[in-house]
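Taken in sequence, the protein lines are chains A and R. First residue of the first sequence? That's 1 in our numbering, and the numbers climb one at a time after it. First residue of the second sequence? That's 138 in our numbering, and the numbers climb one at a time after it. Here is the structure we will look at.
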Amino acid sequence: MRNACLVLLLAALLPLSPALADSKMAPAEYAYRQLPDAKQEKQAQDLMQTLRCLVCQGQSIADSDAEMAGDMRALVRRRIEAGEQPEDIRAWLIERYGDWVSYKPTTAPVTWPLWAAPVLLLAAGIWVGRGRFRRRR
Amino acid sequence: MTSPATRKVRILLWVPLIAFVAFVGLVASGLLKPTANVTLVSKLVGKPLPEFALPPGVAGQPGLTAADFRAGKPRLLNIFASWCVPCAAEAPVLKQLADAGVEIDAVAIRDRPEDIARFLGRWGNPYARIGSDVDSSIQFALGSSGVPETFVIDGKGVIRHQHIGDIRAENVPEILAALKDAER
Numbered sequence: 001m002r003n004a005c006l007v008l009l010l011a012a013l014l015p016l017s018p019a020l021a022d023s024k025m026a027p028a029e030y031a032y033r034q035l036p037d038a039k040q041e042k043q044a045q046d047l048m049q050t051l052r053c054l055v056c057q058g059q060s061i062a063d064s065d066a067e068m069a070g071d072m073r074a075l076v077r078r079r080i081e082a083g084e085q086p087e088d089i090r091a092w093l094i095e096r097y098g099d100w101v102s103y104k105p106t107t108a109p110v111t112w113p114l115w116a117a118p119v120l121l122l123a124a125g126i127w128v129g130r131g132r133f134r135r136r137r
Numbered sequence: 138m139t140s141p142a143t144r145k146v147r148i149l150l151w152v153p154l155i156a157f158v159a160f161v162g163l164v165a166s167g168l169l170k171p172t173a174n175v176t177l178v179s180k181l182v183g184k185p186l187p188e189f190a191l192p193p194g195v196a197g198q199p200g201l202t203a204a205d206f207r208a209g210k211p212r213l214l215n216i217f218a219s220w221c222v223p224c225a226a227e228a229p230v231l232k233q234l235a236d237a238g239v240e241i242d243a244v245a246i247r248d249r250p251e252d253i254a255r256f257l258g259r260w261g262n263p264y265a266r267i268g269s270d271v272d273s274s275i276q277f278a279l280g281s282s283g284v285p286e287t288f289v290i291d292g293k294g295v296i297r298h299q300h301i302g303d304i305r306a307e308n309v310p311e312i313l314a315a316l317k318d319a320e321r
């Protein structure tokens, strides 16, 4: 009973987010091992750099040492090895976790202002500059 | 005396500074605002359970397949692990739900049979079936991002509700309501 109280106390102290404790199992096969095929490994690496670690949130799964990130790397490498396209794997994850899981910018309407900003700023710059040059003459 | 054109230029000169200050303000407020706990809700809520077939997590109890959730009655799918502290805190509440007639199946994440057996021996076993997901792949397939999490699955195998974190006594009505809702 004392143990139960202790566990309940610990659980109460933990934030509501899922616990980050580690299991006792060894990392998945492909968590820290590259694929034998260099070209496939490059594909997997490029994809892993642009997928967000679910439990560390500021890191890509390629950067993170979290156990779950290791499992995600293993998932990516297994699927690439099986011949799946990187963008299909990304789509599979987005289907489950939303755009949030991917660092790659999308062209969804919500990002249109961002894509348009450089063009608009350049146009504004040219317009301002043109006015200035004309006045000099 | 300044011409109206010069006055206009003078006002315009302030625009970049104002824009810059507004930008810095926006970034600073974003940085200083404490980040709310990001709870990552699965996008699969409302969609059918993905196909899977997991081997038994513990000796003497069956493994778990997606087909087990298409038997006509709503069930809970609890994602847990013997190494997860909130899972132990949640165990008595799950037991209480099981005693009340709620059918609960489990996916054990990154776990060994002996550890699961010890966990169940200590905290009680509310589960009808336990599938072993040694590399979290079914967890990813479900759009789950931690332990414990609980999904309410209706009798046709459609995910109806997701509870993130341990189910506490105060969450029981919400779970029961979701189960009742899943009957329709």
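Where is the CB? At the ideal position from N, CA and C, for every residue including glycine. What you are looking at is a predicted structure, and each value in this text was computed from that prediction instead of being measured.
Asked	Found
Pairwise C-alpha distance: serine 269 of chain R and aspartate 248 of chain R	7 Å
Same chain, Cβ closer than 7 Å to proline 193 of chain R, neighbours up to 5 away in sequence not counted	Pro199, Gly200, Ile267 and Ser269
Rounded separation between threonine 176 of chain R and glycine 131 of chain A - CA only	51 Å
Candidates R:Leu231, R:Arg259, R:Gly294 and R:Leu154: closest to glutamate 286 of chain R by CA position	R:Leu231
From R:Ser140, R:Lys184 and R:Gln233, residue whose alpha carbon lies closest to that of proline 310 of chain R	R:Gln233
Separation of tryptophan 220 of chain R from isoleucine 253 of chain R, as counted between CA atoms	9 Å
Neighbour flag for lysine 104 of chain A against chain R, beta carbons, 8 Å	no
Spatially closest choice to isoleucine 241 of chain R from R:Ser281, R:Ile304, R:Arg212 and R:Ile296, by CA coordinates	R:Arg212
Straight-line Cα distance separating valine 110 of chain A from glutamine 59 of chain A	23 Å
Residues of the region 117-134 of chain A whose Cβ lies closer than 7 Å to any Cβ of chain R, in chain order	none
Neighbourhood of threonine 50 of chain A by C-beta distance below 7 Å, restricted to the same chain and skipping five residues each side	Ser60, Ser102, Tyr103 and Lys104
Any C-beta of chain A under 8 Å from that of isoleucine 294 of chain R	The question names isoleucine, but residue 294 of chain R in the sequence shown is glycine. No, glycine 294 of chain R lies away from the interface with chain A (no Cβ there is under 8 Å from its Cβ).
Proline 86 of chain A and aspartate 46 of chain A closer than 8 Å at C-beta	yes
Own chain partners of alanine 235 of chain R with C-beta closer than 6 Å, once the 5 adjacent residues on each side are dropped	Ile241 and Pro263
Coil, strand or helix - glycine 197 of chain R by DSSP	coil
Euclidean distance between Cα positions of glutamate 227 of chain R and isoleucine 304 of chain R	6 Å
Reduced DSSP category for glutamine 233 of chain R - H, G, I as helix; E, B as strand; rest coil	helix
Runs of alpha helix (DSSP H) lying entirely within the region 217-298 of chain R, each at least 4 residues, in chain order	222-236, 250-260 and 274-278
Limits of the unbroken alpha helix (DSSP H) element including isoleucine 312 of chain R	309-319
Buried or exposed by the 16-neighbour rule on C-beta atoms within 10 Å, applied to glutamine 43 of chain A	buried
Cβ of aspartate 252 of chain R within 8 Å of any chain A Cβ	yes
Strand pairing of isoleucine 155 of chain R, partner residues [DSSP]	Bridge partners of isoleucine 155 of chain R: none, in fact.
Cβ-based contacts, 9 Å cut-off: residues of the region 257-280 of chain R near chain A	Arg259, Trp260, Val271, Asp272, Ser273, Ser274, Gln276, Phe277, Ala278, Leu279 and Gly280
Beta carbon proximity, leucine 35 of chain A to chain R, threshold 8 Å	no
Element boundaries [alpha helix (DSSP H), containing isoleucine 80 of chain A]	67-81
Closer than 7 Å at the beta carbon, the chain R residues around glutamate 95 of chain A	Lys180
Leucine 14 of chain A versus proline 223 of chain R - alpha carbon distance	In this prediction, leucine 14 of chain A scores a pLDDT of 48, lower than 50, which makes its location untrustworthy; the coordinate-derived value is nonetheless stated afterwards. For leucine 14 of chain A and proline 223 of chain R, the distance between alpha carbons rounds to 8 Å.
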